[in-house]
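Peer 1:
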Ligand code: FAD
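Residue numbers (mature numbering (1 follows the signal peptide of the UniProt record, and there is no 0)): -26 to -1, 1 to 490.
(1) Considering only heavy atoms of ligand 1, does any lie closer than 6 angstroms to the CB of residue 140?
(2) With a cut-off of 8 angstroms, do at least 3 Cβ pairs link the segment 135 to 145 to the segment 223 to 242?
(3) Say whether the segment 34 to 50 touches the segment 84 to 92, bearing in mind that this needs 3 or more beta-carbon pairs closer than 8 angstroms, one atom from each stretch.
(4) Label residue 456 either buried or exposed according to how many other C-beta atoms from any shown protein chain fall within 10 Å of its C-beta, with 16 as the threshold for buried.
(5) Going by alpha carbons, who is nearest to residue 373 out of 434, 466, 155 and 220?
(6) Can you pull the DSSP bridge partners for residue 218?
(7) With a cut-off of 8 angstroms on the beta carbons, I'd call residue 29 and residue 94 a contact; round off their distance for me.
(8) So is residue 407 buried or exposed if we call it buried at 16+ other beta carbons inside 10 Å?
(9) Within this structure, are the beta carbons of residue 86 and residue 38 separated by less than 7 angstroms?
(10) Using DSSP with H/G/I as helix, E/B as strand and the rest coil, what is residue 152?
(11) Can you give me the C-alpha to C-alpha distance between residue -24 and residue 25, rounded to a whole angstrom?
(12) Looking at ligand 1, does it come within less than 6 angstroms of residue 148, judged from the CB to the closest heavy atom?
(13) Identify which residue in 369, 405 and 354 has its Cα closest to the Cα of residue 384.
(14) Using 6 angstroms as the cut-off, classify the Cβ of residue 155 as near or not near the heavy atoms of ligand 1, replying yes or no.
(15) Residues in the same chain with beta-carbon distance under 7 angstroms from residue 469, minus the five sequence neighbours each way, listed in chain order, please.
(16) Where residue 14 and residue 49 are concerned, what is the direct C-alpha to C-alpha distance, given to the nearest angstrom?
(17) Does the distance from the C-beta atom of residue 476 to that of residue 192 stay below 7 angstroms?
(18) Tell me the DSSP bridge mates of residue 355?
(19) Assess contact between the segment 344 to 354 and the segment 314 to 331, defined as three or more Cβ pairs (one per stretch) separated by less than 8 angstroms. Is contact present?
(20) Measuring CA to CA, which of 327, 402, 440 and 421 is closest to residue 131?
(21) Within the same chain, show all residues whose beta-carbon is closer than 6 angstroms to that of residue 250, passing over the 5 residues directly before and after it, in chain order.
(22) Which same chain residues, not among the five before or five after residue 356, have their C-beta less than 7 angstroms away from its C-beta?
(23) Consult DSSP for residue 438 and reduce its assignment to one of helix, strand or coil.
(24) State the Cα-Cα distance for the pair residue 312 and residue 144, rounded to the nearest angstrom.
(25) Could you tell me the alpha carbon to alpha carbon distance between residue 82 and residue 72, rounded to whole angstroms?
(26) Applying the 10 Å Cβ sphere with the 16-neighbour rule, what's the burial state of residue 243?
(27) State yes or no: is the C-beta of residue 163 within less than 7 angstroms of the C-beta of residue 153?
(28) With a cut-off of 8 angstroms on the beta carbons, I'd call residue 123 and residue 112 a contact; round off their distance for me.
(29) For residue 255 versus residue 387, is the C-beta spacing smaller than 7 angstroms?
(30) Pull the bridge partners of residue 204 from the DSSP assignment, please.
(31) Does ligand 1 have even one heavy atom less than 6 angstroms from the beta-carbon of residue 402?
(32) Look at the alpha carbon of residue 96 and the alpha carbon of residue 102, and state the distance between them as a whole number of angstroms.
(33) Measuring CB to CB, does residue 223 end up less than 7 angstroms from residue 159?
(34) Could you tell me which residues DSSP puts in a beta bridge with residue 422?
(35) At which residues does the alpha helix (DSSP H) containing residue 250 begin and terminate?
(36) Do you know offhand how far residue 200's Cα is from residue 194's?
Dropping the structure here:
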């Protein structure tokens, strides 16, 4: 992860950069002189280069030539190609970097310039997050993190409607992918909850776009893997914020009952509808984390997992506040009475709204304390069409995962609705009304060998290919062009046409390995 150098170091480097010409790699791999103007903060010290060369995945290590810490969007535009200008940049690669929580170098720029978007967020005026007077949206600097958006919105009694599980990701970073979590079935991904964007294209144009204004750029950039422009501002939809959450984990030993209940819950439209729905697996060959459950129940939960080898955990939440307080217990009671879980294995916590959304921060703290945060993360995320979820469960979960001597990390498993996604956007999902989000969030380290985890990922993908299960990977990293063409399928021609329109020199986000 990027650690920001102190201001004094930045000031020093700024001064040094004004005096020292910097060489970086051009498109053709030739050393070129970086165009430096006064007051531009360009860092080339080993610390800054090393921080920008790695990401959360801890698998790749790709050095940029320099790191730009911009204080205005115009400084970012300065680094893009300008076909009209005689002093245009010589065409080095440029990658925006939010929190660097990519998995395989997607925010890297080999030999080129990494733009540290947190710098822009810090200098944004009047603030990185500005909530509108009526509280219906916030204008957000794209380098700001979702936790900052949430904090600023809650101060006004409002909130974004859809979140990733982890809030310490940049707004620009998740909008470049999709931004998914337990609210997606109801509100869609984060890319479906954006009104407007400011984008600096690969041609150096600073463009405001929305569904009505420059829609081609707007839809291209959302889920566009950083290929068409650098988002500097996003207008995010907000709604009334609840204050508290009834947070339930409900255990199933039967996969069909588990998915039946999940699918029914995401299709409901009445007052019983939950606000959040996810699911995960607990397996006897993995670490059975029982910390959510009351101390007195932890042993019997662990025994249940041992007895069945695999337990499916339905995770739902219902928000409430003072208005709904009188009826919330009755609503939960009515809701859970219809579910087919393993009797006496339903558990509930009652927590503040912010703590619920920020729940993964606790997991981060725990993993950091035992040295398991900064390890390689060969995560595999995918969307599985509902029509093949039983085959996927038999072949992948029971056939491969459960047959491992040991599994590492969390496995997410929950359905969501296609009608909350906009097909004009670049993000790709299966072509079915309901599809499952499946995440194998594995960590290497300890007894878990990186190569073995990679081999398991390969076998999962091979099983899907050989069985004709038309998955779509999420947060993927392909190195072959044909894999990208297959991934985008019918959208490939639009995707490549937009690249020619907005970044014809193919400078942006080279770490995604799509066009180079
Ligand atoms: P970076 O890694 O910095 O960048 C990612 C890509 O976006 C790069 O190609 C980069 O060039 C580009 N980019 C970054 N900023 C901009 C910008 N302003 N304009 C244009 N392009 C830009 N994802 C989910 O959807 N749901 C989850 O629940 C979820 N949980 C996660 C939990 C953890 C612990 C981690 C590590 C990741 C999780 N992710 C999740 C994945 C995450 O959404 C992506 O990795 C995302 O890219 C991270 O944001 P970032 O700011 O770190 O992006």
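Glycine included, each C-beta is placed from N, C-alpha and C at the ideal position.
Peer 2: Straight from the coordinates:
(1) Within 6 angstroms of the C-beta of residue 140 there is at least one heavy atom belonging to ligand 1.
(2) no
(3) yes
(4) exposed
(5) 434
(6) 294 and 326
(7) Not confirmed; about 19 angstroms, so no contact.
(8) Classification for residue 407: exposed.
(9) yes
(10) coil
(11) With a pLDDT of 34 at residue -24, under the threshold of 50, the modelled position of that residue is not reliable, and the figure given next carries that caveat. Taking the straight line from one Cα to the other gives about 7 angstroms.
(12) Yes, ligand 1 has a heavy atom inside 6 angstroms of this Cβ.
(13) 354
(14) yes
(15) 400 and 462
(16) If I take the Cα positions, the gap works out to 7 angstroms.
(17) no
(18) Under DSSP, the beta-bridge partners assigned to residue 355 are 413 and 448.
(19) Taking one beta carbon from each stretch, the segment 344 to 354 and the segment 314 to 331 have fewer than 3 pairs nearer than 8 angstroms; the two do not touch.
(20) Of all alpha-carbon atoms in 327, 402, 440 and 421, the one lying nearest the alpha-carbon of residue 131 is that of 327.
(21) 156, 157 and 291
(22) 412, 445, 446, 447 and 448
(23) helix
(24) 39 angstroms
(25) For residue 82 and residue 72, the distance between alpha carbons rounds to 11 angstroms.
(26) exposed
(27) Cβ distance < 7 angstroms, so residue 163 and residue 153 count as in contact.
(28) 6 angstroms
(29) yes
(30) 174
(31) no
(32) Taken atom to atom, the span from the alpha-carbon of residue 96 to that of residue 102 is near 7 angstroms.
(33) no
(34) Its beta-bridge partners are 419.
(35) Run containing residue 250: none in the alpha helix (DSSP H); it sits in the beta strand (DSSP E), 250 to 257.
(36) 9 angstroms
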